[in-house]
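One structure is given here, and the rest of the page talks about it.
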Amino acid sequence: QTAGAGLHFSGTHPDGNPYLSGNHAHCFRPADLETAAGSVETDEMRRNNMNDLEQRTQAIIEACAKEKETNPLAIFRHVAGQESVRIHGPEHHVLDGACLLTALRNAGMEFDLPGLLTRLRQEGLQMPGAICGHWGVCGAVASLGAALALLEGTGPLTTGSSWGSHMTYTAQALANLAAIGGPRCCKRDAYTALKTAIPYVKERFGIILPEEKTVCGFYPKNEQCLGERCPYNPKRAVAAQPPLSRKSGV
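According to my numbering, the stretch in the sequence shown is residues 101 to 350, in order.
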């Protein structure tokens, strides 16, 4: 398959972001986009896209800060249902980790939630859209990895256990995503990343977050929904969801 196969451009989405049809609908990358007329995306268009994303992610962290839930998936549903969050888009690179941070703080873990949400937003805004397909690393998992790093003050020169522990989590979350398969769905990926995190934070921090059988309510908006292949599709709700794989080493 040739590089870039399956990717073509079909103008600008009504929300202002370039609309990518095919396997990348609603995701955008910060450079090299073309409009329907074939012109390369201008600096002004890039600035508008980033301004739009900055507004969306600011609304996300403000909404998370008001949540009282300890279930990160419930927090995700509440905030993802707001107008600031599209069915797919790089705002999830902030939202997903923010849901975990919010749940942990509400469950009694001591840290400065507004401060970490602000720092997580800064990290998430650096992650381009569509990296799940272009880089082989899902932004949902990267968002939670960033949240964990902020919680423990982990950096590239960290010699303690957190460096490898966070890698263990992200590796397992990516494996769980890979087992479901593509095309991407930012909601499915968030559910999976958060569900993988629940046993992890219990073992790592001793914080117990609620577990649930997740049923997706966003699927009608996803043109690439896997349908009954997705473990969160309502048509599979009557069957027990198989447990996500997990490994020790936290």
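Heads up, the beta-carbon is just placed ideally off N, CA and C, and yes, glycines get one too.
- Closest option to alanine 297, judged by alpha-carbon separation, among Gly264, Gln226, Leu251 and Gln272: Gln272.
- The Cβ atoms of arginine 205 and phenylalanine 211 sit closer than 8 Å to each other.
- Apart from sequence neighbours up to five positions away, the residues of its chain that approach alanine 249 with a beta-carbon distance below 7 Å are His266, ordered along the chain.
- The beta carbons of glutamate 252 and alanine 203 sit no closer together than 8 Å.
- For alanine 278, the closest C-alpha among the options Lys321, Val241 and Arg186 is that of Val241.
- One thing to note: lysine 321 has its Cβ no nearer than 8 Å to the Cβ of glutamate 328.
- Across the set Ser262, Pro299, Thr314 and Cys232, the C-alpha of Pro299 shows the shortest separation from the C-alpha of isoleucine 308.
- Of Ile160, His193 and Val194, the smallest CA-CA separation from histidine 178 is found for Ile160.
- Counting only the Cα atoms, glycine 181 lies some 19 Å from glutamine 324.
- Secondary structure note for alanine 293: its alpha helix (DSSP H) is the uninterrupted segment 286-305.
- For methionine 267, the enclosing alpha helix (DSSP H) begins and ends at 262-280.
- Just measuring C-alpha positions, the residue of Tyr291, Ala275 and Lys302 sitting nearest glycine 317 is Tyr291.
- About 17 Å separates the beta carbon of leucine 294 from that of leucine 213, a gap too long to meet the 8 Å contact definition.
- Between phenylalanine 176 and glutamate 167, the alpha-carbon positions lie close to 10 Å from each other.
- Distances from the alpha-carbon of glycine 236 to those of Ile187, Gly260 and Thr270 put Thr270 closest.
- The stretch 177-252 is shown to contain no whole beta strand (DSSP E) run of 3 or more residues.
- Only exposed fits threonine 259, as fewer than 16 other CB atoms lie within 10 angstroms of its CB.
- Secondary structure at lysine 313: coil, using DSSP grouped into helix, strand and coil.
- The residue among Ala247, Pro172 and Gln155 with its C-alpha nearest the C-alpha of threonine 314 is Pro172.
- Going by beta carbons, cysteine 330 and arginine 284 fall outside the 8 Å limit.
- By the Cβ-count criterion, glycine 306 is exposed, with fewer than 16 other Cβ atoms from all chains shown falling within 10 Å of its own Cβ.
- Residue burial annotation: glycine 255 is exposed, with fewer than 16 other C-beta atoms found within 10 angstroms of its C-beta.
- For leucine 217 against alanine 198, the beta-carbon gap comes to about 6 Å, under 8 Å, which counts as contact.
- When the Cα atoms are used, leucine 225 and valine 194 turn out to be separated by approximately 7 Å.
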